[in-house]
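Chains as they are written, first to last, in the working numbering: chain A, 119 to 437; chain B, 831 to 1128.
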Amino acid sequence: MKKYIRHRLIQVIPIVFGITILTYLIMKLAPGGPLANMVNPRTSIESINRAKEALGLDKPILVQYVSWMGQIFQGNFGYSTFSGQPVLQMIGDRLGATLLLTGTAFLFSFLVGIPLGVYSATHKYTPGDYGLTIFSFVGISIPSFFFGMTLIYVFAMQLKWFPTSGFGNTAFSGSDLQWFFDKLRYLVMPALALALANIATVMRFTRSSMIETLSQDYIRTAQSKGLTKRAVIYRHALKNSLIPVITIFGLSIPTLFGGAYIIEKVFSWPGIGQLGVEAIGNRDYAVLMGLTLITAILVLVGNLISDILYSVVDPRIKY
Amino acid sequence: MDMTFETRRRRNLFRTDGWKRFRKNKLALFGLAVILLMVLMAVFAPFIASHDPYESIKSQAGLILKNKSPADSGTLLGTDSLGRDVFSRVLYAARISMSVGLVAVGISTAVGILLGSLAGYFGKWVDTVIMRLVDVVYCFPVLFLVIIISTVLKPSIYNVMLVIGLCNWTGTARFVRGEILRVRELDYVTASESLGARDSRIILNHILPNVMAPILVEATLQMAHAILTEAALSYLGVGVQMPTASWGNMLFGASNLSTLTLRPWQWVPPGICILMAVLSINFIGDGLRDAFDARQKK
């Protein structure tokens, strides 16, 4: 297992380089390059060339990439071409909100998905199971923004249970517990909208894994010992059927971060997704580049953790 | 001659075991019916649509009927903020959204099959390079990658197809590679090799036909995904551009709170269309999986 972890960690290095190269190339696709937004039609060719020289844009692409990488390793992600702020600081300011949102959605997916999956598997081919199967299909098929808009329409506008959007009042006065519940009211709908597809995926995965586990010999042994159905399901079957569900840990990280772009726009949630949508509107390539890099690294780390976790939990797997 | 003709003749699709298994899956049949209906509606949109999707509807007094509910405007689904008929736009949008999905999946499946079979068949450094590329691309959330590239490129319907196609091939590639690794060890491949068949012939004639069924299932599920991605892109304003209607950008037009609350007829119909199209395709994909997998008992 240690060997596997070491092997997996070494693999990360070329992937990180690949990520930076791909990010760099994507941004190079931009017509006009980073100067496109800084110049207006009346700028002379001379001053454009001078600016290019100052930014090092006249050098070969490989040289540019290496110097860019050098800056990245020193923690300099450049400056927003729109507001002039350091990119890393802009992202840092917003990352917390996104982690809160995606983290909550992550918890939702497993806390809701696993019990539903277990119910479905233990009540195979009953109306409840069919109902949940259809629900899971709808869950992976509904566009998250449409679901989010529907939530706003029903629960915020008509029923007025939750606020329509935003992150709550920053100058909130009250005890910590009140503050917590205030934030929670803002969090519930976006987290649910973000989690829905994931809940459905976790549910289907749990269901099929559980059904397979329940057909194993040791389950029949447990049953013939006279154990109650409850004990068989929760003590014997559940643990083993949850092992494959760990792979969804890793799979759900890119889905949640990608989905955050949409959901943060729908609910005006002040995270990196909204920063990204603003940057798209402003064609702010420096910010987009920083976001691309940070998101990819987060996904990489998430996948690494879930792979290692898998090898720890399931000793049968040999690498 | 006659013999080969006989064996090569197409079997009647509706008499195969696969169709019988597919038919048992009620949800898949439902999906097939809905998709057929939607395709027909898209193809015959000019005959069904009551108005021009790009022209504002005017009242008899010559005023443009902006933001009118179905009842006020006398149309089936009301009008949008520019006074265009929502129902006609939904019909025309079906053409855009579904063809984007189809072309994008064509691209991603082709790229996935090509890279996956190269990696799986040749192994060694080819495999290493391609699989590392897969690992790298995999680190970028597909939606995120698509959004970024569409922003950088000039947004147009062709770029949307291309970008979604080029960002979505990793799953197919991984899968095809795995299948090829499995199939290439089988005896009939060795036999063909020892008879001196070229690599391309072995891959195209002997290996790929044996992995085609699961690829088709994968492609169907990918198509559902591609339609969702197009919708999300257009919702963010970097996908299909106005005035061309796509289901996603019809929802983009309704992303402010007043439209959302006061004029649900502008965003609910395209939303439901996306949901129904994607849901039906997912049902069909699931049914196909059952139909192709003869070993599976249900």
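For glycine and all other residues, C-beta sits at the position ideal for the given N, C-alpha and C.
Computed from a predicted structure; not experimentally measured.
In the DSSP annotation of this structure, the continuous segment of the alpha helix (DSSP H) that includes Gly1078(B) starts and ends at Trp1077 to Phe1082.
By the neighbour-count definition (other C-beta atoms within 10 Å, threshold 16), Thr161(A) is an exposed residue.
For the alpha helix (DSSP H) assignment, the uninterrupted runs of no fewer than 4 residues enclosed by the stretch 977 to 1009 of chain B are, from N- to C-terminal side, 987 to 997. At a cut-off of 8 Å between beta carbons, Thr331(A) makes no contact with chain B. Ranked by Cα distance from Leu862(B), the first of Ile1111(B), Phe1122(B) and Asp1120(B) is Ile1111(B). The way I'd put it, the stretch 960 to 970 of chain B doesn't touch the stretch 1051 to 1065 of chain B; fewer than three beta-carbon pairs between them come closer than 8 Å.
Here Val1070(B) is actually not in contact with Val941(B); their C-beta atoms are around 22 Å apart, not less than 8 Å. Among the residues facing chain B, Met307(A) is not included, as its CB has no counterpart in that chain under 8 Å away. Rounded to the nearest angstrom, the Cβ distance from Leu906(B) to Pro900(B) is 6 Å, consistent with a contact under 8 Å. Ile390(A) and Val306(A) have their C-alpha atoms roughly 19 Å apart. Counting along the chain, no alpha helix (DSSP H) covers Asp915(B), and no H or E run does either. Counting only unbroken stretches of 4 or more residues, the alpha helix (DSSP H) elements lying wholly within the stretch 305 to 373 of chain A are 335 to 342 and 356 to 360, in sequence order. For Ile979(B), the nearest CB of chain A lies under 8 Å from its own CB, placing it at the interface with that chain. Leu143(A) has its alpha-carbon roughly 13 Å from the corresponding atom of Pro178(A). When rounded, the separation of the alpha-carbon atoms in Arg434(A) and Tyr336(A) is 16 Å. Between Arg925(B) and Ala875(B) the beta-carbon gap is near 6 Å, inside 8 Å, which marks them as a contact.
In the assembly as shown, Leu314(A) is a buried residue. Its beta-carbon has 16 or more other beta-carbons within 10 Å. Trp387(A) is positioned such that its CB atom lies no closer than 8 Å to that of Pro281(A). With 16 or more other Cβ atoms from the protein chains shown falling within 10 Å of its own Cβ, Leu1066(B) counts as buried.
Taking a 10 Å sphere around the C-beta of Lys120(A), we find fewer than 16 other C-beta atoms and assign the residue as exposed. Distances from the CA of Val964(B) to each of Leu945(B), Ser886(B), Phe952(B) and Thr981(B) were compared; the closest alpha carbon is that of Leu945(B). With a threshold of 8 Å between beta carbons, Cys997(B) makes no contact with chain A. Taking C-beta atoms as the reference points, Leu975(B) and Cys997(B) count as a pair closer than 8 Å. Contact annotation: Gly995(B) and Val1047(B) have beta-carbon atoms that are not nearer than 8 Å.
If you draw a straight line from the Cα of Ile1045(B) to the Cα of Arg348(A), it comes to about 40 Å. Apart from sequence neighbours up to five positions away, the residues of its chain that approach Val417(A) with a beta-carbon distance below 8 Å are Ile371, Pro372 and Phe375, ordered along the chain. Annotation: Cβ neighbours of Gly136(A) in chain B (cutoff 9 Å, chain order): Arg962, Leu963, Asp965, Val966, Val967 and Cys969. Bounds of the alpha helix (DSSP H) holding Gln207(A) are Val205 to Thr240. Taking a beta-carbon distance threshold of 8 Å, Ala863(B) does not count as an interface residue toward chain A. A distance below 7 Å between beta-carbons, with the five flanking residues on each side excluded, links Ser227(A) to the following residues of its chain, in chain order: Ala313, Asn316, Ile317, Val320 and Ser370.
Proximity to Thr240(A) across Leu427(A), Thr331(A), Gly210(A) and Phe263(A) peaks at Thr331(A), based on C-alpha coordinates.
If you look at Tyr403(A), you'll find it in the alpha helix (DSSP H) that goes Tyr403 to Val431. For Cys969(B), no alpha helix (DSSP H) encloses it, and the DSSP letter there is neither H nor E. Judged by DSSP secondary structure, Ser201(A) falls outside any alpha helix (DSSP H); it is assigned neither H nor E. DSSP, reduced to helix, strand and coil, places Thr909(B) within a strand of the structure shown.
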